[in-house]
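What follows is one structure encoded as structure tokens, with my remarks underneath.
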Amino acid sequence: MDWINQLLRKVPTWLVYIVGLIPVPLFLYLAQTGGLGREPIKALEHELGELALKLIIVGLAITPLRKFVGLNLIKFRRSIGVLAFTYVALHLLVWLVLDVGILSQIWADILKRPYITIGMVGFVVMIPLAVTSNNWSVKRLGGKWRRLHQLTYVAAALGGLHFIMIAKGIQLEPLIYMAVILSLLAYRLPMFARKPARQ
Amino acid sequence: MANRWTNTLSQSDVTPEAAFLNRRQLIAGAAAGFGLAGVAGVSNAQEALTPNSWEDITQYNNFYEFGTGKTDPAEYAGALTTTPWTVEIDGMVKNPGKYDIDDIKAAMTIEERIYRFRCVEAWSMVVPWNGFELADLLEVAGVQEGAKYVAFETLYRPEEMPGQRFQSLDWPYVEGLRLDEAMNPLTLMATGIYGKDLPNQNGAPLRLVVPWKYGFKSIKSIVKITITDKEPPTSWNKANAREYGFYSNVNPNVSHPRWSQASERMIGGGLFAKRVPTLMFNGYEDEVASMYEGMDLSKQI
Numbered sequence: 362m363d364w365i366n367q368l369l370r371k372v373p374t375w376l377v378y379i380v381g382l383i384p385v386p387l388f389l390y391l392a393q394t395g396g397l398g399r400e401p402i403k404a405l406e407h408e409l410g411e412l413a414l415k416l417i418i419v420g421l422a423i424t425p426l427r428k429f430v431g432l433n434l435i436k437f438r439r440s441i442g443v444l445a446f447t448y449v450a451l452h453l454l455v456w457l458v459l460d461v462g463i464l465s466q467i468w469a470d471i472l473k474r475p476y477i478t479i480g481m482v483g484f485v486v487m488i489p490l491a492v493t494s495n496n497w498s499v500k501r502l503g504g505k506w507r508r509l510h511q512l513t514y515v516a517a518a519l520g521g522l523h524f525i526m527i528a529k530g531i532q533l534e535p536l537i538y539m540a541v542i543l544s545l546l547a548y549r550l551p552m553f554a555r556k557p558a559r560q
Numbered sequence: 002m003a004n005r006w007t008n009t010l011s012q013s014d015v016t017p018e019a020a021f022l023n024r025r026q027l028i029a030g031a032a033a034g035f036g037l038a039g040v041a042g043v044s045n046a047q048e049a050l051t052p053n054s055w056e057d058i059t060q061y062n063n064f065y066e067f068g069t070g071k072t073d074p075a076e077y078a079g080a081l082t083t084t085p086w087t088v089e090i091d092g093m094v095k096n097p098g099k100y101d102i103d104d105i106k107a108a109m110t111i112e113e114r115i116y117r118f119r120c121v122e123a124w125s126m127v128v129p130w131n132g133f134e135l136a137d138l139l140e141v142a143g144v145q146e147g148a149k150y151v152a153f154e155t156l157y158r159p160e161e162m163p164g165q166r167f168q169s170l171d172w173p174y175v176e177g178l179r180l181d182e183a184m185n186p187l188t189l190m191a192t193g194i195y196g197k198d199l200p201n202q203n204g205a206p207l208r209l210v211v212p213w214k215y216g217f218k219s220i221k222s223i224v225k226i227t228i229t230d231k232e233p234p235t236s237w238n239k240a241n242a243r244e245y246g247f248y249s250n251v252n253p254n255v256s257h258p259r260w261s262q263a264s265e266r267m268i269g270g271g272l273f274a275k276r277v278p279t280l281m282f283n284g285y286e287d288e289v290a291s292m293y294e295g296m297d298l299s300k301q302i
């Protein structure tokens with residue numbers, strides 16, 4: 362594991378951002394050329410949302426990976442988190458502009474449709490996390506920064522719930538995502554506290 | 002009893018898809034003929050119905066028997082064998098029995114019907130179906146006095162329909178109509194699209210089309226039709242009665258609990274396709290509204 366960690370230390374975070382953002386032009390290209398199927402708007406919404414959820418999951422997996430496997434990805438956690446927020450924001454943007462488009466219906470949907478309300482709350486919860494994802498904030502907030510960023514757990518749970526609620530009937534994929542999210546959250550419960558990782 | 006309904010602008014001959022797509026249907030002379038200045042009097046169902054492309058119709062489907070993704074049916078429905086195929090007709094009929102699909106098709110008048118198709122998920126297409134009126138088949142079957150409903154059942158064959166190995170719905174898929182709905186001139190038993198046999202993913206070899214209801218009522222790959230006097234169970238109603246009712250008439254005024262039904266996305270418009278307002282009874286108000294007089298459609302969903 363040490364040699365992997367040594368290799369990873371050499372990877373610059375800006376590279377993570379660049380690779381992480383490649384799907385954006387890729388999805389847009391696919392949407393325009395039929396690569397996202399016959400209804401590209403909902404498909405694009407879905408791809409962006411799913412990628413956001415995957416990034417949140419990867420972010421949540423970093424601490425357990427370090428403690429159980431010894432793999433150290435802490436350096437990349439910030440960029441993964443910011444990327445997750447970016448994809449949630451893009452997912453929301455597609456919904457606002459391409460999907461609904463009608464302002465009055467947008468507001469009605471947010472208020473009256475539970476899965477959308479939950480999605481919106483999940484997004485709003487991520488805003489302070491994105492805004493404080495910098496060294497200055499960590500310094501200024503000190504111990505409060507860590508507590509604030511526990512909102513990630515809330516965002517993850519709401520995102521998973523949003524996915525389950527939008528599906529028609531019982532579908533496997535959203536349930537699998539939720540199972541993974543819940544296990545990563547369960548790891549944070551006091552009863553599962555592990556000894557600190559070896560330095 | 003065939004040919005009781007036609008598009009005001011119908012193509013009586015089957016034409017190649019390219020010709021369909023290039024033809025721009027103009028609003029009929031009905032408005033001019035009656036001196037109507039505005040278009041308020043013209044039924045929207047008859048207005049400029051340009052069918053969706055073959056690719057749209059056959060590559061974007063909800064057919065959970067093959068998977069819950071929109072492209073799963075196109076990808077996996079090839080496994081389905083549709084010959085031989087029999088349709089069992091039973092219940093309150095004078096002539097019950099197992100009818101071979103080829104015999105049914107030979108006995109019926111197959112016509113072309115271009116219908117709007119509105120999914121409960123708020124997307125829609127225009128489909129040029131080929132098929133016969135359900136009423137004609139029911140006449141052959143001989144509906145008995147006292148019958149009130151028609152129930153339908155889809156094939157159950159998990160070895161060919163991989164989605165049936167997972168309980169996303171209670172298999173086999175079942176649906177039903179009130180007898181007057183079944184006898185309505187619009188109610189079609191489709192056997193083809195664009196003059197070709199129904200592709201497997203669209204419900205081969207025989208499916209129902211009730212264009213004024215949400216698409217899930219248009220049950221696919223039918224193997225059984227039962228005439229009964231009790232309201233039959235329907236799959237989506239069994240799965241979630243709060244969201245999916247027996248009638249499921251297209252109604253912009255009654256929201257689905259989780260989304261509005263006031264507008265819909267027309268498939269085929271690409272990334273910048275606009276939403277269009279949903280029409281009451283999917284634009285077939287003139288033909289069907291009388292069947293629901295006195296009913297509270299916000300309660301009897």
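Protein sequence lines, in the order shown, are assigned to chains D and B.
First residue of the first sequence? That's 362 in the working numbering, and the numbers climb one at a time after it.
First residue of the second sequence? That's 2 in the working numbering, and the numbers climb one at a time after it.
All C-beta atoms, glycine included, are put in the ideal place defined by N, C-alpha and C.
This structure is a prediction, so every number in the text was calculated from the model and none was measured.
- Taking a cut-off of 8 angstroms for Cβ pairs, the stretch 427–435 of chain D and the stretch 403–418 of chain D do not touch, as fewer than three such pairs fall below it.
- About 6 angstroms separates the Cβ atoms of Phe247 of chain B and Asn238 of chain B, confirming a contact at the 8 angstroms cut-off.
- Contact note: Glu265 of chain B does not reach chain D at a C-beta cutoff of 7 angstroms; the least C-beta distance is about 11 angstroms.
- Per the coordinates, the alpha-carbon of Val461 of chain D lies some 43 angstroms from the alpha-carbon of Ile102 of chain B.
- Here Pro425 of chain D carries a helix assignment [DSSP, helix/strand/coil].
- DSSP places Asp101 of chain B in the uninterrupted beta strand (DSSP E) bounded by Gly98 to Asp101.
- Sorting B:Tyr61, B:Leu50 and B:Val94 by C-alpha distance to the C-alpha of Pro200 of chain B places B:Tyr61 at the top.
- Burial is judged here by how many other beta carbons sit within 10 angstroms of a residue's own beta carbon; Asp297 of chain B has fewer than 16 and is exposed.
- Around the beta carbon of Ala3 of chain B, a 10 Å sphere encloses fewer than 16 other beta carbons of the protein chains shown; the residue is thus reported as exposed.
- Taking the Cβ atoms as the reference, Leu272 of chain B lies roughly 6 angstroms from Ile402 of chain D, within the contact range of under 8 angstroms.
- Put simply, of D:Thr424, D:Leu397, D:His407 and D:Pro373 the residue whose alpha carbon is nearest the alpha carbon of Ala547 of chain D is D:Thr424.
- Near chain D, meaning a CB-to-CB distance below 9 angstroms, the residues of the stretch 269–294 of chain B are Gly269, Gly270, Gly271, Leu272, Phe273, Ala274, Lys275 and Arg276.
- No Cβ-Cβ contact shorter than 8 angstroms links Ser222 of chain B with Asp171 of chain B.
- The CB of Phe167 of chain B comes closer than 8 angstroms to the CB of Leu533 in chain D, given here in chain order.
- With respect to the 8 angstroms criterion, Val486 of chain D and Val515 of chain D are classified as neighbours on the basis of their beta carbons.
- Secondary-structure assignment with DSSP links Arg114 of chain B through a beta bridge to B:Trp130.
- Residues of chain D with a Cβ closer than 8 angstroms to the Cβ of Asp57 of chain B are, in chain order, Arg399.
- Asn241 of chain B has a beta carbon lying within less than 8 angstroms of a beta carbon in chain D.
- Within the same chain, Cβ atoms closer than 7 angstroms to the Cβ of Ala422 of chain D are found at Leu545, the five residues on either side in sequence being excluded.
- Secondary structure at Phe484 of chain D: helix, using DSSP grouped into helix, strand and coil.
- Where Val449 of chain D is concerned, the enclosing alpha helix (DSSP H) starts and stops at Arg438 to Leu454.
- Here His510 of chain D has Leu490 as same chain residues with Cβ atoms under 7 angstroms from its own Cβ, once five neighbours each way along the sequence are excluded.
- Contact annotation, Ala191 of chain B with Asn131 of chain B: C-beta distance approximately 7 angstroms; criterion of less than 8 angstroms satisfied.
- Rounded to whole angstroms, the Cβ separation of Pro278 of chain B and Ala152 of chain B is 33 angstroms, and the two are not in contact under 8 angstroms.
- For Thr83 of chain B, the CB contacts under 6 angstroms within the same chain, skipping 5 residues up- and downstream, are Ala205 and Pro206 in chain order.
- Collapsing the DSSP output to three states places Lys473 of chain D in a helix.
- Taking 8 angstroms as the threshold, the shortest C-beta distance from Pro475 of chain D to chain B falls below it.
- The alpha-carbon separation between Ile302 of chain B and Tyr245 of chain B amounts to approximately 7 angstroms.
- Collapsing the DSSP output to three states places Val515 of chain D in a helix.
- The C-alpha of Asp230 of chain B is placed about 18 angstroms away from the C-alpha of Glu89 of chain B.
- Around the Cβ of Leu397 of chain D, a 10 Å sphere holds 16 or more other Cβ atoms; the residue is buried.
- Inclusion of Arg266 of chain B and Met526 of chain D in the CB contact set at 8 angstroms is not warranted, their separation being larger than that value.
- By the C-beta density criterion, Ser465 of chain D is exposed, having fewer than 16 other C-beta atoms within 10 angstroms.
- Contact between the stretch 274–293 of chain B and the stretch 208–223 of chain B is present: 3 or more CB-CB pairs across the two stretches fall below 8 angstroms.
- For Lys71 of chain B, the residues of chain D that pass the 9 angstroms Cβ criterion are Gly398, Arg399, Glu400, Lys403 and Ala404, in the order they occur in the chain.
- In its chain, beyond the 5 residues on either side, Val486, Met487, Pro489 and Leu490 have a beta carbon closer than 8 angstroms to the beta carbon of Leu512 of chain D.
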